[in-house]
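0 is the number of the first residue of the sequence shown in numbering that gives the first Met the number 0; add one for each residue after it.
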Amino acid sequence: MTTTVAVESTAKKAFAWVYDWPGWCRSGRTEEAAIAALADYADRYRVVAERAGLRLPKNAADTMVVDERLPGDASTDFGIPGAIGADDRRAHDRRQADRLLALVVAAWEVLDETAATSPEQLRKGPRGGGRDRTKMVAHVLEAEAAYARKFGVKHKPPAVGDAAAIAALRDELLAALRAPSDGSPPHPTGWPARYVIRRVAWHALDHAWEMQDRSD
């Protein structure tokens, strides 16, 4: 059984991700580097899958096949997987939505637990950059509120530590995404459900893993 991968790329950067496993997404300077990074993160993503009650095949990293290549843009270069592909526009029923959203919830749990156990001051990058823990969590929450608006869910960005506001945003977004979808965005400037799911899970895990790595 193959692991279907999609890639978006520019001359400077590429992202590779697995459509059926939202959040399993990595970048590199080239398509080959992005796919190699994706494979390297299989075991870290397996923790997310297991938390969601799902089984990631043991050979998932060894059977990757690129099914779709998308042109990137300035967002790609900036470090955002912003291209929306054909698979993002696929219809899904309630059962399929439940599976995908279980992975989103697992990604949030990994993020929240990582933030709770990480030091406030994280190790700086080679150039001395990078957000510390609270600023990183605030950034994720601000982004989630923006992503939710792309699917018609309007909330102010929750404050870090405001558990009730965070739960309200996430619960309403989950309820909206759980409905069967024909793959169309909810409004002309919105995003299709599968892309919202993929983007939310990627962003949560990208920063959770960053916090883990910079807590060493």
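Note that beta-carbon positions come from the ideal geometry of N, C-alpha and C, so glycine has one too.
Note to self: Just checking: is the beta-carbon of residue 155 within a distance shorter than 9 Å of some beta-carbon in chain D?
What the structure shows: In the structure shown, chain D cannot be found, because there is only a single protein chain.
Margin query: Distance check for residue 132 and residue 153, CA to CA, integer angstroms please.
Written below: 25 Å
Checklist line | Beta-carbon proximity list for residue 198, same chain, < 8 Å, skipping 5 on both sides | finding: 80, 146 and 190
Note to self: Contact between the region 24-36 and the region 9-16 is defined here as three or more beta-carbon pairs at a separation below 8 Å; is this criterion met?
What the structure shows: yes
Item checked: Straight-line gap, residue 209 to residue 34 (C-alpha atoms, nearest Å) -> 18 Å
Checklist line | Span of the alpha helix (DSSP H) around residue 76 | finding: 73-77
Next item on the list: Go through its chain and collect everything with a Cβ distance to residue 166's Cβ below 7 Å, but skip five positions before and after it.
Entry: none
Note to self: Using only CA atoms, which one of 50, 134, 140 and 31 lies nearest to residue 202?
What the structure shows: 140
Next item on the list: Counting only runs of 4+ residues fully inside the region 1-73, write out the alpha helix (DSSP H) ranges in chain order.
Entry: 30-39 and 41-50
Margin query: According to DSSP, is residue 91 part of a helix, a strand, or is it coil?
Written below: strand
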